[in-house]
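Structure record follows, encoded as structure tokens.
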Amino acid sequence: MIDILMPRLSDTMTEGAIAVWRKKPGDPVAPGDVLLEIETDKALMEQEAYDAGTLVEILVPEGENVAIGTPIARLDDGKEPAPLASSERADLPAPAAPRAPEPDATPPAPPHGRATPLVRRLAKEQGIDLSSLTGSGPGGRIVRADLDAAAEAPASPVPSGEGAESPADITRIPFDGIRRAIATRLSDSAATIPVFHATAAADVTDLLALRTQLNAVGDTRISVNDLVVKAVALALRDHPGINAAYSPDDGGQTVIHHGIHVGVAVAAPSGLVVPVVRDADRSSISTIARRTRELADRAAARTLTVDEMNGGTFTVSNLGMFGVEHFTAIINPPQGAILAVGGITDELALVDEGVVARRRLRVTLTCDHRIIDGAAAGRFLAGLTAVLEAPLRVLT
Numbered sequence: 001m002i003d004i005l006m007p008r009l010s011d012t013m014t015e016g017a018i019a020v021w022r023k024k025p026g027d028p029v030a031p032g033d034v035l036l037e038i039e040t041d042k043a044l045m046e047q048e049a050y051d052a053g054t055l056v057e058i059l060v061p062e063g064e065n066v067a068i069g070t071p072i073a074r075l076d077d078g079k080e081p082a083p084l085a086s087s088e089r090a091d092l093p094a095p096a097a098p099r100a101p102e103p104d105a106t107p108p109a110p111p112h113g114r115a116t117p118l119v120r121r122l123a124k125e126q127g128i129d130l131s132s133l134t135g136s137g138p139g140g141r142i143v144r145a146d147l148d149a150a151a152e153a154p155a156s157p158v159p160s161g162e163g164a165e166s167p168a169d170i171t172r173i174p175f176d177g178i179r180r181a182i183a184t185r186l187s188d189s190a191a192t193i194p195v196f197h198a199t200a201a202a203d204v205t206d207l208l209a210l211r212t213q214l215n216a217v218g219d220t221r222i223s224v225n226d227l228v229v230k231a232v233a234l235a236l237r238d239h240p241g242i243n244a245a246y247s248p249d250d251g252g253q254t255v256i257h258h259g260i261h262v263g264v265a266v267a268a269p270s271g272l273v274v275p276v277v278r279d280a281d282r283s284s285i286s287t288i289a290r291r292t293r294e295l296a297d298r299a300a301a302r303t304l305t306v307d308e309m310n311g312g313t314f315t316v317s318n319l320g321m322f323g324v325e326h327f328t329a330i331i332n333p334p335q336g337a338i339l340a341v342g343g344i345t346d347e348l349a350l351v352d353e354g355v356v357a358r359r360r361l362r363v364t365l366t367c368d369h370r371i372i373d374g375a376a377a378g379r380f381l382a383g384l385t386a387v388l389e390a391p392l393r394v395l396t
């Protein structure tokens, strides 16, 4: 008999949610068969079977989130007698009634003992008293679905008064695994990383003219963000101290990355994801454009692989297409910095004693102050601005 455990599917994964079981108890299983789909902190991923046998019992139902290493099902590989499934055990004659406990007998376990640590934590966050719930999981265990049902149940009547909000006035949208991971990672980042922000503006009039020329002659459409990603990669090559991460080892270390792998924040239907364009400094602008399109499409379809999500050394987040002129972004740990790119605005500038209209782009760098100082951030932004204002460099 083999216990199938919740696997670790990414380097940041600590727990996963059962999205869909592809096999049911009694089904034969061969190595390579898709057993289930797991929703991780990165994406929705299929999990294949490693061993042959018969699926005996599903221990974690769809929708429940458990920590890695938790048994989620049992597989009979024929090497020992199969134990009875829960439903079969339920048909056995009930054991003799236990003797009445002595007055000083140990009291029964509290209700929260029938829930996983994760369920207890979620219940605490949602203000749900576990002792008020009846578990629907194996052995009466309280599972995630019980919490969801309790959360959706009509609230107890409250005294009417000004400011009181009825349940009909609100809609609760439970987090899926990806949104939950986003919330946890960004909360940890904001709470634990000391940051500062630095903003610069670049004259991108010539950059936009170059983009128009490229799109007129090329087969691949180039976006402003593609040009920014390439410019960022070139600036990181000149300023490796920004292409870095903090490590607490040995009292603290700055980890300098030799590869320049730029994460591009994508607003997918499932939430914010950051697929990675590898070796962006050594990639042509058309390659970056094609790659970012492919990754965005895969993000929308929730088919990004772990390799496509991991290994970023710096992140670019762009809200310019929504008309946002300026914003600050939260660092995507363990990276040491992130660049927030705003929209392009028309501004008047004094050139050769004459007033002319120019196109300007504002970018804001958020830095982990444990490894990046203000002067280093300033030098990086100056280098980035120089690339953006001499756009032929992005063609190198």
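Residue numbers in the sequence shown follow my numbering, run continuously in steps of one, and reach 396 at the last position. No residue lacks a Cβ here, since even glycine has one placed at the ideal position from N, Cα and C.
Taking C-beta atoms under 8 Å as the contact rule, residue 289 and residue 222 qualify, at a distance of about 5 Å.
Under DSSP, residue 45 shares a beta bridge with 38.
Residue 303 sits in coil when the DSSP states are folded into three classes, being neither helix nor strand. Taking residue 291 as reference, the option from 323, 320 and 230 with the minimal CA-CA separation is 230. Across the set 200, 136 and 5, the C-alpha of 200 shows the shortest separation from the C-alpha of residue 379. Counting of Cβ neighbours within 10 angstroms places residue 261 among the buried residues, the total reaching 16 or more. Note that the segment 292 to 307 touches the segment 251 to 271; at least 3 beta-carbon pairs, one per stretch, sit closer than 8 Å. Taking each of 14, 279, 342 and 285 in turn and checking the Cα distance to residue 313, the smallest one comes out for 279.
Its chain contains 342, 343, 345 and 362 as the residues whose beta carbon lies nearer than 7 Å to that of residue 325, once the 5 sequence neighbours on both sides are disregarded; these appear in chain order.
For residue 194, the number of other beta carbons within 10 angstroms of its own is below 16, and it is reported as exposed. Restricting attention to 48, 209, 60 and 133, the CA atom closest to the CA of residue 389 is found in 209. In the three-state scheme derived from DSSP, where H, G and I count as helix and E and B as strand, residue 373 is classed as coil. Counting only the Cα atoms, residue 241 lies some 7 Å from residue 376.
DSSP, read as helix, strand or coil, puts residue 322 in helix. Between residue 274 and residue 315, the CB-CB gap stays under 7 Å. Under DSSP, residue 347 shares a beta bridge with 358. Within the segment 142 to 218, the runs of alpha helix (DSSP H) at least 4 residues long that lie entirely inside it are, in chain order, 144 to 152, 177 to 192 and 205 to 217. In the structure shown, the three-state DSSP call for residue 396 is coil. Under DSSP, residue 389 shares a beta bridge with no residue. Burial is judged here by how many other beta carbons sit within 10 angstroms of a residue's own beta carbon; residue 281 has at least 16 and is buried. Bridge partners of residue 15 according to DSSP: 67.
Checking the DSSP bridge columns, you'll see residue 267 partnered with 272. Minimum Cα-Cα distance from residue 285 among the listed residues 224, 73, 309 and 66 corresponds to 224. The distance from the Cβ of residue 28 to that of residue 54 is about 6 Å, consistent with a contact at the 8 Å cut-off.
In this structure residue 52 is in contact with residue 30, their Cβ atoms being roughly 5 Å apart against a cut-off of 8 Å.
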